[in-house]
Structures are given as C-alpha cells and as structure tokens.
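Single-structure report; data block below.
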Amino acid sequence: MNNSAVTDNEGAIRAKLNIDYDDFQLKVELALPSRGVTVLFGHSGCGKTSCLRAIAGLVRLKQGEVRVNSEQWQSWDGKVFIPPFERRIGYVFQEPSLFPHLNVAQNLAYAEKRVRTSPILFNRDSILALLDINPLLNRYSSQLSGGEKQRVAIARALLTQPQLLLMDEPLSALDHARKEEFLPYLERLQRRWDLPIIYVTHSVQELARLADHIVLFHQGNIVASGGAQQIMSDAKFSHLLGEEMGSVFDTVVKKHGEKYGMTELMYGDVIFHVPGKIATLGERKRCRILASDVGIALDEPVSTTVLNRLPATIIEVESASIQMGEVLVVLELINQQRLLAKVTVKSLHELNLHQGKRVWALIKAVAIC
C-alpha cells in the first residue's frame, strides 16, 4: 500500500517509510509542516506508532528515509542513520519513564545535562511555570499522579531543547477527569512555543482539542491528511470518528456578558454564544460541536431556548448510515465553514432536506465545548 500525506505547508518534516508487519506491509510518505500539532489518528494497530518510532530513530528500517528541515536523519540506502540521541527530539511515551530513585528536580537536571546544542530554545523557569512543575520538584515519581508524571515527562523532554516533539498517546493511561485536567497544559504549550509536535492518539477528544493538522490512518492505510477543520467536517470520515463526529472552530473571545454569564465567540462573521466566562477577551478558543448536537429548521425559530441560530445551506447529505435511521447533513455557514448535523431519516424526508436547500442550523449554547 502506497499512501501519501501532504499538508498545505509541506516539506519541513519528511518521511518515506516501508514498515513490515506479520500480515501486511505499510508504505508511508509523509510531508508535514514545521509548526503546530500534527495528529496521527487511527485505531490501534494501524501503524501510527511505528511511524513515530521510525521518525525518532528508535527502530532502524531496512527501507526508510527521514528528513527534518535541512537535516537528513536516515537515507533510503541505509548509508545515513543518525542515532536518536543526536536527532534533537523530545519523546513522550504512553507511560512516563521517570527515574524512580530521583526526585522531580533531579529528573529534570538529568535532562539538562544531556543538552549538547545551543541556543537554549526553552527556558527552564518558563517550562516549570507553564506546566506547573514547581510544587512537584521535591517529590518522587511514586508520589505523583498519572497526570503529574506526564507533565514532568513533557518538561524533561523540553529541557533537552528539541527541534521536534513526539508524543505517543501520552494521555491513554489517564481517566476522563485527569485528561480534562491535563489537556489545558498541552494547549498552553502549543500556544507558548513555535515547536512542531507530532502527536499519536486514537481519541477523538484529543484530536479535536489539539490538532492543527491531521493524518488519518485506517486498516494500514493513510486515508486523508489536511487541516483539522477540513478533515473533521468531512462526512466521508464519519465511520472513523463515530458518535464523536463533529466540527471544530478556532474562534476568538469577543465579549463577556456579565448579566447572564455568557461569552460571545467570534469565527469570521459567525458569533457563537456559550455559557460562562471563558478565557480573556481577544484570546483564541477552539470550539467543538458534535453533529448530534446540531438541529435543522426550515425557518428561524423565534421563541426557543436555542441561542445559536445560524443561516446555512445544505451542500451534502451523507447516507452511509441510512439503514440505522440517521443521516449526516453537511451545512455551509455564511463564511463557507462547514458544520455537520446528524438527523433522522424521518426528519430528512418530512422537511425535504436536500443539497442546495437554505435552512437554519440550531445549536444549544450548552452543547458547544
């Protein structure tokens, strides 16, 4: 299988990999951007972690080529192979590999001693503050929660001054509550430093929160790559994202309404109303709207509790799941952004929903996360 994944900003991180498994061979060509978070997404066993390990040099493939910026880390003929410790990468594993006999401060000091290059890209004090490490410095790994261990592992990786950060399902061992606590740290890291991150996960929640670019794996194939908004609002990938299929919007906080405790989020000409005082004015905020939380009306409702009522045009009806009594409707908003709505087949026929029809998209404020 020969698959290419090329983003709009191609060329900074390139990998051409032939990976042999017992039951199939995966041939992958990646051209990834030098900034933002690229998420390799897919179910277990699809080859995404093998790609990450090959980029890191943790496995030496018989046929593989890896180039980051102007540096060749591995050549196709095998004559060039830069060992992992010379690749200037930070690697965060599923399970944090902290030294149990050292406290947090000593674990971090060990990482700093391994730095062989200059300049210093990531200031120690800034790292500790951003990841809230200072209260943990005197603790040993046995005294840390799973989320705290991963924060220390990320801090340690950053202290090696990497030009590329690789993260292999770092939240897979955390329960939902701990994930919710941890994700804001990754979002702050993403905003604070212009460091390219390749992030492996099978969690749609993490994909929606973190991804700037997405590479989709399915049954050993790369089926798509592109921007997060483009991929997540494409109806043909509903079988991969399942019940968590939806749309993402990178909005800006426009206004806080003190009277009712609401926040207005702006995405181009579209305004979303959400409950609570979210972030600070002018701050970027990613919103996720599940397709199952979007309703459709032929006319704008007047007396309703639904605060987000947006004019839209139907551009596609995906009927792959029609036998289950539901369909995915792709809507285009006034700024040409796509919004997905999951409706019943009964509603589809009773409202005569079809391509080109002008409708109203209805989204409860409490459904936007």
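According to full-length UniProt numbering, the stretch in the sequence shown is residues 1 to 369, in order. Backbone N, C-alpha and C define an ideal beta-carbon position, used for all residues, glycine too. Predicted, not measured: the structure shown is a model, and the values here were computed from it.
Query raised in the report: Under three-state DSSP, which class holds Ala279?
Result: coil
Query raised in the report: Taking the DSSP output, what are the residues bridged to Gln74?
Result: Val66, Phe81
Query raised in the report: Just to confirm, does Leu240 get its C-beta within under 8 Å of one of the non-hydrogen atoms of the ligand PLP?
Result: Although the ligand PLP was asked about, the structure shown includes no ligands whatsoever.
Query raised in the report: Count the other CB atoms within 10 Å of the CB of Asn2; is the residue buried (16 or more) or exposed (fewer)?
Result: For Asn2, the predicted model reports a pLDDT of 41, less than 50, meaning its position is unreliable; a value from the coordinates is still stated below. With fewer than 16 Cβ atoms within 10 Å of its Cβ, Asn2 is classed as exposed.
Requested in this report: Pick helix, strand or coil for Lys255, following the three-state DSSP scheme.
Outcome: strand
Query raised in the report: Can you check whether the CB of Lys277 is closer than 9 Å to the CB of Asp250?
Result: Contact flag unset, no.
Query raised in the report: Given that a residue counts as buried once 16 or more other Cβ atoms are within 10 Å of its Cβ, and exposed if not, what is Pro170?
Result: buried
Requested in this report: Quick one: residues in its chain with C-beta nearer than 6 Å to the C-beta of Ile55, no 5 flanking neighbours on either side, listed in chain order?
Outcome: Ala15, Val66.
Query raised in the report: Can you pull the DSSP bridge partners for Gly90?
Result: Leu165
Report task. Within its chain, find whatever has a CB closer than 8 Å to the CB of Ala105; leave out the 5 residues flanking it on each side and keep chain order. Result -> Leu137, Asn138
Query raised in the report: What alpha helix (DSSP H) runs, 4 residues minimum, are completely inside the stretch 116 to 142?
Result: 124 to 130
Query raised in the report: Of the choices Ala31, Val92, Phe93, whose alpha-carbon is the least far from that of Asn69?
Result: Ala31
**Report entry** Inter-residue Cα distance where the pair is Arg87 and Leu174
**Finding:** 29 Å
Report task. Work out the CA separation of Ala365 and Lys357 for me, nearest whole Å. Result -> 25 Å
Report task. Take Trp360 and list the residues in its own chain whose beta-carbon comes closer than 8 Å to its own, dropping the five residues that flank it on each side. Result -> Ile296, Ala297, Leu298, Asp299, Glu300, Pro301, Arg309, Leu310, Pro311, Ala312
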